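The structure appears right after this line, and notes come after that.
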Amino acid sequence: MTDSKYFTTTKKGEIFELKSELNNDKKEKKKEAVKKVIASMTVGKDVSALFPDVVNCMQTDNLELKKLVYLYLMNYAKSQPDMAIMAVNTFVKDCEDPNPLIRALAVRTMGCIRVDKITEYLCEPLRKCLKDEDPYVRKTAAVCVAKLYDISSGLVEDQGFLEQLKELLSDSNPMVVANAVAALSEINESSPTGQPLVELNHATINKLLTALNECTEWGQVFILDSLSNYNPKDEREAQSICERITPRLAHANAAVVSQPLSEYAERIDNADELLDSFLEGFADENAQVQLQLLTAVVKLFLKRPAHTQALVQHVLSLATQDSDNPDLRDRGFIYWRLLSTDPAAAKEVVLADKPLISEETDLLEPTLLDELICHISSLASVYHKPPTAFVEGRSAGIRKTLPARQGSAENTNAQEATVIPNQESLIGDLLSMDIGSTVAQPQPAAPPTSNVDLLGGGLDVLLGGGPSDLGVAPSTTGLLGDIFGLSSAPTMYTPPKTCWLPADKGKGLEIMGTFSRRAGQITMDLSCTNKAMQAMSGFAIQFNKNSFGVAPAAPMNMGTLQPGQTLEYNLPLNTNGPVQRMEPLTTLQVAIKNNVDVFYYACQIPIQVLFIEDGTLDKRVFLTTWRDIPSANEVQYTLNDLKGNSDAISAKMTHNNIFTIAKRNVEGQDMLYQSLKLTNNIWVLLELKLQPGVNHATLSLKSRSVEVAPFVFQAYDAIIKNT
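Every number in the working numbering is 14 more than the matching position in the sequence shown, counting from 1.
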């Protein structure tokens, strides 16, 4: 009889009947009743009222019944946490059962029950199971540690489970090692600090490589994924690791091997011998392999007709006379007729040019590309998005990156570019924010260390000749300013304040604001006016996810705003917040709370406040990067109503973290080559062509992330016209 009977019933008072059956003395009756309960639960019926009766069925020697009861517990324990405590004693008892299947089942179920009260009792049984004599129990317990870490990370660290997991890496059973690796990898990725809790070393890597050969395919996947996160200390160690994992690249499928033999037959001397060896078991291969072998031999014949006539006749005979597969016979006859009637036509058909493989990596931000390489074979590499973009609400954890290559220009920048995922609507996120939460303190910014020689010639010097014009040197400050503590360095351009929150929408609270950057610190400058009849206090502010991760660097401590009073408040910001692409790119959604209500508004961040002080490039790196960026990523813009000559414009831009790399004069035109770097480490390269005496200029921009172009152009307009 099938199990479908448990899903159909016409009786009334079903819960009452199930209750009586669950308390029946006969084991078979109990098992049938529990199956009915699970069936009802599966189709969405609420059977939580039977919780104590189902729990009583746990005390049985029947493994099937115990599995069903555990399944019920996992489903309803969260809604019945107090009742779930009743099952603790049975769980603890089952963890010491002589049957290893029951021990493993008990510890697995306790790990799946996400109830804090249960986790308190899980520690001791889990500790015993991690040292169990049976490998099946140990590998189950290893996964349970990762589940427990997701519920209570502090408990796992305090109880020393991480150390026990590390000890399992030396286990004699390869599947225990694989599960321990999987658990440690998951724990590292969900680390709230973003730093790995367990570091891989040379000794650990050797243990993983030893277990690799004896694991199942899934175990090998976990171990290989973990190995990809390890940075070898030297070239010799890297070569040793590669040699030990290379056998994983070998393929047992003859079709996979025969395809390159036919494609590159002219480069493989013994291609005919290799293909001939595959034909020995031709009849035993599946249809796909037979088709591939047939095509491979025909291609080889067309490339080497003098030496492979016997081979092609043999395979055509196998395909057309000895095979019952219609697809194979049809292809064999087609090849036979092509070869016998017109070999030249056969060559054009069979050896036709392959479609051009387009190179799309230039369209990706280099840091995103490096991260995607670390996630090959996952959805991230297919959709060209980081893994964190797929799971909303989960912390980013550790971001995988490739180690810096020796001699690369990227080595000059230790920081990593923030990847901007797509975004559609963030209103829901903003409405669900916890405005009262404290804000993380900003990390001190490292001073810029780039030291670019701007005294050489323009780009022609890099190309090996041409005029040698002077670049723009930084201005110096007199000694008098140092003595009196004064600074003569001009400040960055700050847009005038605009109304972000009108009083009619803020219930009397009016907010005027702008953004500025001073000494490397981004600030939101607010003017808050109380136009209501009551005092306002308890101010707090929160930002929604945005394209550049802009977030408050400190809580908003503005104090009490009396009726008719205006307070100026400068809120320090950082770029360590959550990142989500906005439209337009510079949009920032803000929620501000006081004792009256919570108010929401949106404003635009002027992109120049996101230009960082370390935005200079070496001239050779500038030229190489400009050439490497595809021409499709070049955008031009006309600047009008210019004020000042090229030197004055260059000085203005330098004060706003747009640095002139080189300058030259070509046919009476001044050419400025400039660079800037955003807070998420996106580089923008620019070429500014100015004609002396003309009040307009052409600005050419190149970047891997060309979507920032219109905002950079706006910044140029604003800086030139308002400073």
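The C-beta atom is built at its ideal place from N, Cα and C for all residues, glycine as well.
What you are looking at is a predicted structure, and each value in this text was computed from that prediction instead of being measured.
With C-beta atoms as the reference, is residue i less than 8 Å away from residue j?
| i | j | result |
| --- | --- | --- |
| T133 | Y84 | no |
| C388 | S242 | yes |
| N709 | L656 | yes |
| L305 | L342 | yes |
| D164 | S199 | no |
| V151 | P139 | no |
| L585 | F557 | no |
| P188 | K131 | no |
| L223 | R258 | yes |
| A91 | I116 | no |
| K145 | S184 | no |
| M526 | V610 | no |
| D286 | H321 | yes |
In its own chain, which residues sit with a C-beta less than 7 Å from the C-beta of residue i, not counting the 5 before and 5 after it?
| i | result |
| --- | --- |
| G346 | L308, L330, A333, T334 |
| N736 | Y507 |
| I734 | L653, L656, K657, I663, K666 |
| Q548 | P577 |
| D290 | L325 |
DSSP puts residue i in a beta bridge; with which residues?
| i | result |
| --- | --- |
| K677 | L686 |
| V698 | L690 |
| R531 | I536 |
| C542 | I525, L581 |
| C513 | M526 |
| S714 | Q650, E701 |
| K607 | A554, V612 |
| L575 | M550 |
| N588 | A565 |
| Q618 | T601 |
When the Cα of residue i is compared with those of the options, which residue comes out closest?
| i | options | result |
| --- | --- | --- |
| A781 | L316, L289, D338 | In this structure the chain extends from 15 to 737, so residue 781 is not present and cannot be described. |
| L599 | L581, T574, N560, I237 | N560 |
| N544 | V564, M189, T574, S167 | T574 |
| V604 | E597, M596, F613 | F613 |
| P510 | T639, A662, L715, M538 | M538 |
| P566 | E582, T589, V364 | T589 |
| P112 | E138, L82, D148, H710 | D148 |
| A533 | T505, G552, N89 | T505 |
| K607 | N584, V623, M572, T630 | M572 |
| L515 | T580, A732, Q535, C617 | C617 |
| V680 | T668, E249, K703 | K703 |
| S660 | Y651, G629, L713 | L713 |
| M229 | N245, A252, A196 | Sequence inspection shows Cys at residue 229; the Met mentioned does not correspond to that position. For the residues N245, A252, A196, the minimum Cα distance to C229 belongs to A196. |
| V235 | L316, A63, Q173, R262 | R262 |
| V593 | A676, Q579, K399 | K399 |
| Y687 | T154, T639, F562 | T639 |
| R36 | T74, G295, V57, G58 | Note that residue 36 corresponds to Leu in the displayed sequence, not to Arg. Nearest option by C-alpha distance: T74. |
Leaving out five residues before and five after residue i in sequence, what residues of the same chain have Cβ atoms less than 8 Å from its Cβ?
| i | result |
| --- | --- |
| L79 | K41, K44, K45, V48, C71 |
| K247 | H216 |
| V170 | V159, L162, Y163, L176, I201 |
| L64 | I29, L32, K33, L36, V51 |
Rounded to whole angstroms, what's the CA-CA distance from residue i to residue j? Just pull it up for me.
| i | j | result |
| --- | --- | --- |
| N523 | A554 | Sequence inspection shows Leu at residue 523; the Asn mentioned does not correspond to that position. Answer to the nearest angstrom: the Cα atoms are 14 Å apart. |
| F636 | L383 | 20 Å |
| D68 | K50 | Reading off the sequence, residue 68 comes out as Val, not Asp. Cα-Cα distance, rounded: 11 Å. |
| N620 | M596 | It is Pro, not Asn, that sits at residue 620 in the sequence shown. Roughly 14 Å between the two C-alpha positions. |
| E203 | A101 | 32 Å |
| C109 | N103 | 10 Å |
| N193 | M55 | 31 Å |
| V159 | L182 | 12 Å |
| P66 | C137 | 24 Å |
| P644 | D632 | 20 Å |
| D642 | V623 | 27 Å |
| R718 | I201 | 34 Å |
| V453 | Q705 | Here V453 scores only 42 on pLDDT, less than 50, and its place in the model should not be relied on; the value that follows carries that caveat. Rounded to the nearest angstrom, the two C-alpha atoms are 49 Å apart. |
| T674 | T630 | 8 Å |
| L690 | Y730 | 12 Å |
| G478 | L288 | Below a pLDDT of 50, predicted positions are generally treated as unreliable, and G478, at 38, falls in that range; the measurement from the model is reported next regardless. Their backbone Cα atoms lie some 52 Å apart in a straight line. |
| T528 | G552 | 22 Å |
| D367 | Q302 | 23 Å |
| G591 | V564 | 6 Å |
| I237 | P114 | 25 Å |
Excluding the 5 residues preceding and the 5 following residue i in the sequence, name in chain order all residues of the same chain whose CB lies nearer than 6 Å to its CB.
| i | result |
| --- | --- |
| A723 | V649, L715 |
| Y86 | V68 |
I want to check one thing, is the minimum distance from the CB of residue i to the heavy atoms of the ligand ATP below 7 Å?
| i | result |
| --- | --- |
| L223 | This structure does not include the ligand ATP; it has no bound ligands of any sort. |
Compare the C-beta of residue i with all C-beta atoms of chain B and state if any pair is closer than 8 Å.
| i | result |
| --- | --- |
| D108 | Considering every chain present, this structure includes no chain B. It has just one protein chain. |
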